[in-house]
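Asks: Next up is a structure, given as structure tokens.
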Amino acid sequence: MILPPATLGMLGGGQLGRFFVSAAHELGYQVWVLDPDRNSPAGQIAERHFCVDYGDYAALDEFAAGCAAVTTEFENVPAATLDYLAKFVPVRPHAAAVAVCQHRVSEKSFLRDNGFPHGPFIAVDSENDLKTAPNELFPAILKVARFGYDGKGQATVNNRDEALAAFAHFNGEQCVLEQRLTLDYEVSVVLARDLQGKVACFPTGENQHTRGILDVSIVPARTTGCLTSDAEDIAARIAEKLGYVGTMGVEFFVSRGRLIVNEMAPRPHNSGHYTLDACVTDQFEQQVRALCGLPLGEARAHSASVMVNLLGDLWYENGKPGDTYREPDWSVLHAIPNLKLHLYGKHHARPGRKMGHFTVIGDNAEAVQKTALAARAAIG
Ligand code: ADP
Ligand code: MG
Numbered sequence: 003m004i005l006p007p008a009t010l011g012m013l014g015g016g017q018l019g020r021f022f023v024s025a026a027h028e029l030g031y032q033v034w035v036l037d038p039d040r041n042s043p044a045g046q047i048a049e050r051h052f053c054v055d056y057g058d059y060a061a062l063d064e065f066a067a068g069c070a071a072v073t074t075e076f077e078n079v080p081a082a083t084l085d086y087l088a089k090f091v092p093v094r095p096h097a098a099a100v101a102v103c104q105h106r107v108s109e110k111s112f113l114r115d116n117g118f119p120h121g122p123f124i125a126v127d128s129e130n131d132l133k134t135a136p137n138e139l140f141p142a143i144l145k146v147a148r149f150g151y152d153g154k155g156q157a158t159v160n161n162r163d164e165a166l167a168a169f170a171h172f173n174g175e176q177c178v179l180e181q182r183l184t185l186d187y188e189v190s191v192v193l194a195r196d197l198q199g200k201v202a203c204f205p206t207g208e209n210q211h212t213r214g215i216l217d218v219s220i221v222p223a224r225t226t227g228c229l230t231s232d233a234e235d236i237a238a239r240i241a242e243k244l245g246y247v248g249t250m251g252v253e254f255f256v257s258r259g260r261l262i263v264n265e266m267a268p269r270p271h272n273s274g275h276y277t278l279d280a281c282v283t284d285q286f287e288q289q290v291r292a293l294c295g296l297p298l299g300e301a302r303a304h305s306a307s308v309m310v311n312l313l314g315d316l317w318y319e320n321g322k323p324g325d326t327y328r329e330p331d332w333s334v335l336h337a338i339p340n341l342k343l344h345l346y347g348k349h350h351a352r353p354g355r356k357m358g359h360f361t362v363i364g365d366n367a368e369a370v371q372k373t374a375l376a377a378r379a380a381i382g
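For the sequence shown, the tail end lands on 382 under our numbering, and the numbers increase by one without skipping.
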């Protein structure tokens, strides 16, 4: 077990890293953050911020020498960086598990090869793959295999010609072509798996997206039957199969009543932010515990909750870039006593950028949903 006052290493300095730093501090650890952004939200509050690229091996040497264990908050840290650090210090999750999740072709192939429910897809390496793609895949979504997030690097394509045009637009980068599914709704499971292989799933949440970006998470999910426990079971089996250690998120589609795995995130997940305010242990404390070889905390939710993301659009008077830039009027949120506001300390708001979130908690799920929707309308 790694115990305080040990120093923990975090690769990536966004809001997920920032919450990790807070959780680690709370438990008595120190944290070094490595992220190339000078103003990174996690770097601001860590003991040390290595403001360098992930491929700066001299910096990685110093980082590894000072950390008792290293984890990540960002799935696009090069697997080679994780592999390199693992020669000197425990890295959890391990590079191979992260590598599966950071590439859409390996992710989908992993699901297929291990019998997990997934949607029809093909890997696209060349125009020819699109020319010979089965007709049943259309209408489809073309997604770049690497570095996509929040709906970026995706094109909705109705037919083969549109797919070819989109592929050219992505400069012929490797892609996956996925059948566009009819979604009843979307859910996700955030879980933690410890060094001994014990898994603790947080309750399944229901997620609503706007323009490809998570907008609202509702927990418990408003589903029927055993769907939520099935989702937790599938997510736990994925973590086991990956030999995963740490916190991870698994996104699902519910399509015509069936659960389909959409993607995995090898890190805490935006849809797990509700755990900060509604669960006995939150997803970031679980990440610290798993990293340090401690037993996991209880993942039970003590309250119903609705989490709402606060995007940079809110900083513009009428929600449009070019309008007057000003701080939103937070007093309308502070006036709601069962609402917890979290702002990430980002220096500049851009449309679509995740700047913060709030979570409304309470005993009555319907009342919580009403309050959250009213709060969202009030803030803009
Ligand atoms: P990201 O990495 O940007 O989160 P996702 O693959 O999760 O990418 O896609 C973002 C959102 O787009 C999903 O949450 C879903 O709402 C929609 N979407 C993605 N793939 C499909 C699909 N095959 N069929 C229908 N909707 C999809
Ligand atoms: Mg997603």
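Beta carbons: idealized from backbone N, C-alpha and C, even for Gly. The structure presented is a predicted model; accordingly, all values stated were derived computationally and were not measured.
Who pairs with residue 281 in a beta bridge, going by DSSP?
Replies: Numbered from 1 along the sequence shown, position 279 holds the residue referred to as residue 281. For residue 281, which the question treats as bridged, DSSP gives the partners 303.
Asks: What does a CB cutoff of less than 8 Å around residue 299 pick up in its chain, not counting 5 residues either side in sequence?
Replies: Position 297 of the sequence shown, counting from 1, holds the residue named residue 299. The residues are 202, 282, 283, 287, 288 and 291.
Asks: For residue 111, which three-state DSSP category applies?
Replies: Looking up residue 111 in the sequence shown gives position 109. Looking at residue 111 - three-state DSSP - the assignment turns out to be helix.
Asks: State the CB to CB distance for the pair residue 49 and residue 33, rounded to an integer number of angstroms; the pair is presumed to be in contact (CB under 8 Å).
Replies: As a first step, residue 49 must be located in the sequence shown, where it is residue number 47. As a first step, residue 33 must be located in the sequence shown, where it is residue number 31. Contact flag correct, Cβ pair sits at about 6 Å.
Asks: Which class does residue 86 belong to by DSSP, given the choice of helix, strand or coil?
Replies: As a working note, residue 86 is residue 84 in the sequence shown. The answer is helix: DSSP assigns residue 86 an H, G or I state.
Asks: Applying the 10 Å Cβ sphere with the 16-neighbour rule, what's the burial state of residue 273?
Replies: Taking the sequence shown and counting its residues from 1, one reaches residue 273 at position 271. So residue 273 counts as buried.
Asks: Could you tell me whether any non-hydrogen atom of the ligand ADP is closer than 7 Å to the CB of residue 187?
Replies: Within the sequence shown, numbered from 1, the residue matching residue 187 stands at position 185. Residue 187: no, Cβ never under 7 Å from the ligand ADP.
Asks: Where does residue 226 sit, in a helix, a strand or coil, going by DSSP?
Replies: Here residue 226 corresponds to residue number 224 of the sequence shown, with the count starting at 1. Residue 226: coil per DSSP, three-state reduction.
Asks: Could you tell me which residues DSSP pairs with residue 356 in its beta bridges?
Replies: In the sequence shown, the residue the question calls residue 356 occupies position 354. Partner(s): 313.
Asks: Enumerate in chain order the residues of its own chain whose CB-to-CB distance from residue 338 is below 6 Å, with the five nearest sequence positions on each side excluded.
Replies: Here residue 338 refers to the residue found at position 336 of the sequence shown. Counting only Cβ-Cβ distances below 6 Å, and skipping sequence neighbours, we find 377.
Asks: Pull up the DSSP beta-bridge partners for residue 190, would you.
Replies: Here residue 190 is taken as the residue at index 188 of the sequence shown, counted from 1. Per DSSP, 207 and 253.
Asks: Tell me where the alpha helix (DSSP H) around residue 24 begins and ends.
Replies: On the sequence shown, position 22 is the one that residue 24 refers to. Residues 17-28.
Asks: Is residue 84 near the ligand ADP, going by C-beta to nearest heavy atom under 7 Å?
Replies: As a first step, residue 84 must be located in the sequence shown, where it is residue number 82. Not under cutoff, so the answer is no.
Asks: Leaving aside the five residues before and after residue 361 along the sequence, list all residues of the same chain whose C-beta is less than 6 Å from its C-beta, in chain order.
Replies: Indexing the sequence shown from 1 puts residue 361 at position 359. 276, 279, 307, 309 and 342.
Asks: Is any heavy atom in the ligand MG found nearer than 7 Å to the beta carbon of residue 264?
Replies: Within the sequence shown, the letter at position 262 stands for residue 264. Checking every heavy atom of the ligand MG against the Cβ of residue 264, one is found closer than 7 Å.
Asks: So does the segment 170-185 actually touch the segment 140-154, counting three or more Cβ pairs closer than 8 Å?
Replies: Flag = yes, the segment 170-185 and the segment 140-154 touch.
Asks: Starting from residue 424, follow the alpha helix (DSSP H) in both directions and report where the run begins and ends.
Replies: No information on residue 424 is available, as it lies outside the stretch 3 to 382 that the chain covers here.
Asks: So which of 44, 234 and 91 has the shortest CA-CA distance to residue 346?
Replies: As a working mapping, residue 346 is identified with position 344 in the sequence shown. Ranking the options by Cα distance to residue 346, first place goes to 44.
Asks: Could you check which residue in 104, 148, 68 and 113 has the C-alpha nearest to that of residue 92?
Replies: Along the sequence shown, one-based indexing puts residue 92 at 90. Residue 92 has its Cα closest to that of 68, out of 104, 148, 68 and 113.
Asks: Using a 10 Å radius around the Cβ and a threshold of 16 neighbouring Cβ atoms, would you call residue 31 buried or exposed?
Replies: Mapped onto the sequence shown, residue 31 falls at position 29. Residue 31 is buried by the Cβ-count criterion.
Asks: Check whether the Cβ of residue 143 sits closer than 7 Å to any heavy atom of the ligand ADP, and report yes or no.
Replies: Position 141 of the sequence shown holds residue 143. It does: the Cβ of residue 143 is within 7 Å (strictly closer) of some heavy atom of the ligand ADP.
Asks: In chain order, what residues of the same chain lie with their CB nearer than 7 Å to the CB of residue 184, ignoring the 5 residues before and after it?
Replies: Translated into positions along the sequence shown, residue 184 becomes position 182. Excluding positions up to five away in sequence, the list reads 257 and 258.
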